[in-house]
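Residue numbers (this note's numbering): 17 to 303.
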């Protein structure tokens with residue numbers, strides 16, 4: 017149903033963008049790819065294969081079906097160096113039906129002064145499991161961006177998660193697969209992996225963009241999480257950003273309870289925009 021919705025609205029999206037984006041500016045394609053929960057920021061942006069958070073549908077939508085839970089999350093983040101900020105409300109349900117579903121709303125504020133832009137990004141995702149080893153998902157996304165950077169477009173993502181063993185998760189996904197002609201929503205692909213080894217979780221993510229700036233751009237992320245005393249997760253991760261040719265270091269802590277928890281993360285950019293970002297996520301979970 018989501019895929020049909022995306023396909024039916026694609027001509028409308030393209031008509032909305034017929035006049036084209038403001039080519040006098042060079043929008044940063046990575047901005048909308050870094051809207052993450054505090055847990056994902058703490059793990060260096062390596063999160064698409066894990067399927068633990070309610071925001072899973074904004075990464076690989078197939079990950080919505082990875083665990084049979086009902087999840088609600090509220091996230092806020094602020095980069096006081098780059099003056100970027102965002103808030104996210106996400107809901108995911110894979111417990112009440114064989115068909116997993118997720119909905120998220122993200123309020124985005126980018127830049128400062130005359131460069132300020134404000135956006136609304138809405139995502140609806142569906143995923144279906146085939147046994148315990150294979151999950152397939154699709155999502156539709158609508159972006160409305162106003163200010164110094166303009167966008168009014170609909171696109172979609174699709175992905176697959178394969179779990180050859182209960183402790184291993186492998187995935188591939190394609191993003192912004194319906195072309196909008198908007199530099200904020202360029203097409204890219206991701207391959208990702210996760211390992212759940214008891215109290216330790218390891219994750220890796222590679223993103224490939226073949227369109228932005230007319231060249232192939234790769235971004236690499238890796239992270240880990242260790243659950244201390246069954247309650248306190250400790251996280252660390254690293255990203256090499258192929259767009260800015262710079263490094264990012266993420267660290268995070270949290271508190272987990274059977275019904276939810278709190279996550280806090282800090283991301284430090286070495287080069288590039290020299291960002292200094294802090295993120296906080298409040299979450300509720302019912303199994």
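All C-beta atoms, glycine included, are put in the ideal place defined by N, C-alpha and C.
*Is there contact between the region 92–104 and the region 165–176, where contact requires at least three CB pairs shorter than 8 Å?*
no
*Using a threshold of 7 Å, state whether the C-beta atoms of residue 78 and residue 153 are closer than that.*
With contacts defined as CB atoms closer than 7 Å, residue 78 and residue 153 qualify as a contacting pair.
_Using the three-state DSSP reduction, which class does residue 202 fall into: helix, strand or coil?_
When DSSP states are grouped into helix, strand and coil, residue 202 belongs to the coil group.
*asked:* So the candidates are 74, 47, 211; which of them puts its Cα closest to the Cα of residue 107?
replied: 74
*Three-state secondary structure (DSSP) of residue 134*: strand
*Closest by CA to residue 276, which one among 302, 260, 262?*
302
*How about residue 145 and residue 101: are their beta carbons less than 7 Å apart?*
no
*Do you know offhand how far residue 286's Cα is from residue 51's?*
When rounded, the separation of the alpha-carbon atoms in residue 286 and residue 51 is 19 Å.
*residue 223 - containing beta strand (DSSP E), residue span*: 216–225
*From 72, 134, 194, 159, pick the residue whose C-alpha is nearest to that of residue 118; which is it?*
For the set 72, 134, 194, 159, the Cα lying nearest the Cα of residue 118 is the one of 72.
*Which two residues bound the contiguous alpha helix (DSSP H) that contains residue 291?*
Where residue 291 is concerned, there is no enclosing alpha helix (DSSP H), given that its DSSP letter is neither H nor E.
_With 16 other Cβ atoms within 10 Å as the buried cut-off, status of residue 214_ = Exposed, since its Cβ has fewer than 16 Cβ neighbours within 10 Å.
*Among 66, 284, 226, which has the Cα closest to the Cα of residue 218?*
With distances taken between Cα atoms, residue 218 lies closest to 66.
*Look at the alpha carbon of residue 237 and the alpha carbon of residue 226, and state the distance between them as a whole number of angstroms.*
Computed Cα separation, rounded: 18 Å.
*Quick one: residues in its chain with C-beta nearer than 6 Å to the C-beta of residue 163, no 5 flanking neighbours on either side, listed in chain order?*
Excluding residues within five positions, the ones whose Cβ falls inside 6 Å are 132, 133, 134.
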